[in-house]
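A short worksheet on the structure shown next.
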């Protein structure tokens, strides 16, 4: 079995060496196509990371009405603090809220110099235990707060749901676009590999004829071309990863950067090893499939001509 595999590999390598320029064009074209797919997957992976990080860092904030007496406020604080998901409850007065707002504005704090604390609502800031920090838990706690009899004391509830919804929508658009790009890239790889393999089979048609005459099976004839198609796909994926990494290093020379959007900080990390390996494996499988189509058509035409 091992001897036969070595023979198949030698045949595939020999076939690729016979047409180096055709192979170079094929692998380069596949690499550029896969680079586009890799870019989509890299952006999607970073958006997912931002969504997870936002869901884990955000706090649930219940804004209280102006006329809530101190005893009611304290009772609500004790009630919420007793929930198993809640790690800490911080009562923030209007004065504290205004001071924090000015601190966030920094040098622009002068813009709100005439604003008094009476315009800022008191609030309960609810922090969760690490194992409960997720978008689903935040939404469930918000609903639990709305169902409390003490809801008359609460004016509004916020946990960044608008930002999370925008992130989810952006992520869904990217996933749909990624599916379309994946389909187009797969078709491009099939077209390129199948035509390259067809040229290789045409160049070796006399050798294939002799193999048939001496009793070689179709599987024996097909195997080197399957390996050739897989090699083209994997090499194309390697080219795509290298090009994408070069672009990433150009945009992120220090390896640590982020795109600042109006809804947060979008990390700009490179593809994970798992995703890069999946691209290479998928390209190799598509290459085998394209070779199968091409070899089947060639052998069928040969049988028809005979």
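In our numbering, the protein residues as written are 1 to 306. Yeah, the Cβ is synthetic: ideal placement off N, Cα and C, and Gly gets one too. Note that this is a predicted model, so its numbers are computed, not measured.
{"Check": "First through last residue of the alpha helix (DSSP H) which encompasses residue 234", "Outcome": "218 to 251"}
{"Check": "Reduced DSSP category for residue 262 - H, G, I as helix; E, B as strand; rest coil", "Outcome": "Model confidence at residue 262 stands at a pLDDT of 46, short of 50, so the residue's coordinates are unreliable and nothing is read from them."}
{"Check": "Cβ pair count under 8 angstroms reaching 3, the region 37 to 49 against the region 167 to 181", "Outcome": "yes"}
{"Check": "For residue 86, the three-state DSSP class (helix, strand or coil)", "Outcome": "strand"}
{"Check": "Residues that residue 63 bridges to, as DSSP identifies them", "Outcome": "123 and 156"}
{"Check": "Proximity test, residue 173 beta-carbon vs the ligand NAP heavy atom, cut-off 7 angstroms", "Outcome": "Only the bare structure without any ligand can be found here, which leaves the ligand NAP out of the picture."}
{"Check": "Residues that residue 36 bridges to, as DSSP identifies them", "Outcome": "In DSSP, residue 36 forms no bridge with anything."}
{"Check": "Closest Cα partner of residue 14 within the set 203, 61, 291 and 28", "Outcome": "203"}
{"Check": "Where residue 214 falls: helix, strand or coil (DSSP)", "Outcome": "coil"}
{"Check": "Other residues of its chain near residue 262: CB distance less than 7 angstroms, five sequence neighbours each side excluded", "Outcome": "With a pLDDT of 46 at residue 262, under the threshold of 50, the predicted position of this residue should be treated as unreliable, and no value is reported."}
{"Check": "Outcome for residue 221 when other beta-carbon atoms lying within 10 angstroms are tallied against a minimum of 16", "Outcome": "buried"}
{"Check": "Where residue 92 falls: helix, strand or coil (DSSP)", "Outcome": "strand"}
{"Check": "Test item: CB-CB of residue 247 and residue 225 under 8 angstroms", "Outcome": "no"}
{"Check": "Residues that DSSP places opposite residue 128 in a beta bridge", "Outcome": "86"}
{"Check": "Buried or exposed (CB count within 10 angstroms, at least 16 for buried), residue 144", "Outcome": "exposed"}
{"Check": "Residues of its chain near residue 29, where Cβ-Cβ distance is below 7 angstroms and the 5 sequence neighbours each way are ignored", "Outcome": "192"}
{"Check": "Residues near residue 77 in its chain [Cβ-Cβ closer than 8 angstroms; skip 5 each side]", "Outcome": "89, 91 and 124"}
{"Check": "Residue 145, enclosing alpha helix (DSSP H) - first and last residue", "Outcome": "135 to 146"}
{"Check": "Outcome for residue 95 when other beta-carbon atoms lying within 10 angstroms are tallied against a minimum of 16", "Outcome": "exposed"}
{"Check": "Supposed contact pair residue 201 and residue 273 - C-beta distance, whole angstroms, cut 8 angstroms", "Outcome": "Incorrect: roughly 35 angstroms between the Cβ atoms, too far for contact."}
{"Check": "Under 8 angstroms between C-beta atoms of residue 190 and residue 286", "Outcome": "yes"}
{"Check": "Spatial neighbours of residue 295 in its chain, beta-carbon cut-off 6 angstroms, leaving aside the 5 residues before and after", "Outcome": "222 and 225"}
{"Check": "C-beta contact flag for residue 236 and residue 34 at 8 angstroms", "Outcome": "yes"}
{"Check": "Environment of residue 217 [buried if 16+ CB atoms lie within 10 Å]", "Outcome": "exposed"}
{"Check": "Residue 270, enclosing alpha helix (DSSP H) - first and last residue", "Outcome": "First-last for residue 270: undefined, no H or E at that position."}
{"Check": "Local Cβ density within 10 Å of residue 159, reported as buried at 16 or more and exposed below that", "Outcome": "buried"}
{"Check": "Spatial distance of residue 93 from residue 243 (CA atoms)", "Outcome": "54 angstroms"}
{"Check": "Within 8 angstroms, strictly: CB atoms of residue 182 and residue 50", "Outcome": "no"}
{"Check": "Assumed close pair residue 64, residue 122 - CB separation to whole angstroms, cut-off 8 angstroms", "Outcome": "5 angstroms"}
{"Check": "Beta-carbon contacts of residue 129 that lie in its chain and below 6 angstroms, excluding the five residues immediately before and after", "Outcome": "87"}
{"Check": "Nearest-angstrom Cα separation, counted from residue 251 out to residue 310", "Outcome": "No answer is possible for residue 310: it lies beyond the span of the chain, which begins at 1 and ends at 306."}
{"Check": "Residue 19 versus residue 165 - alpha carbon distance", "Outcome": "52 angstroms"}
{"Check": "Simplified DSSP state of residue 149, which is helix, strand or coil", "Outcome": "helix"}
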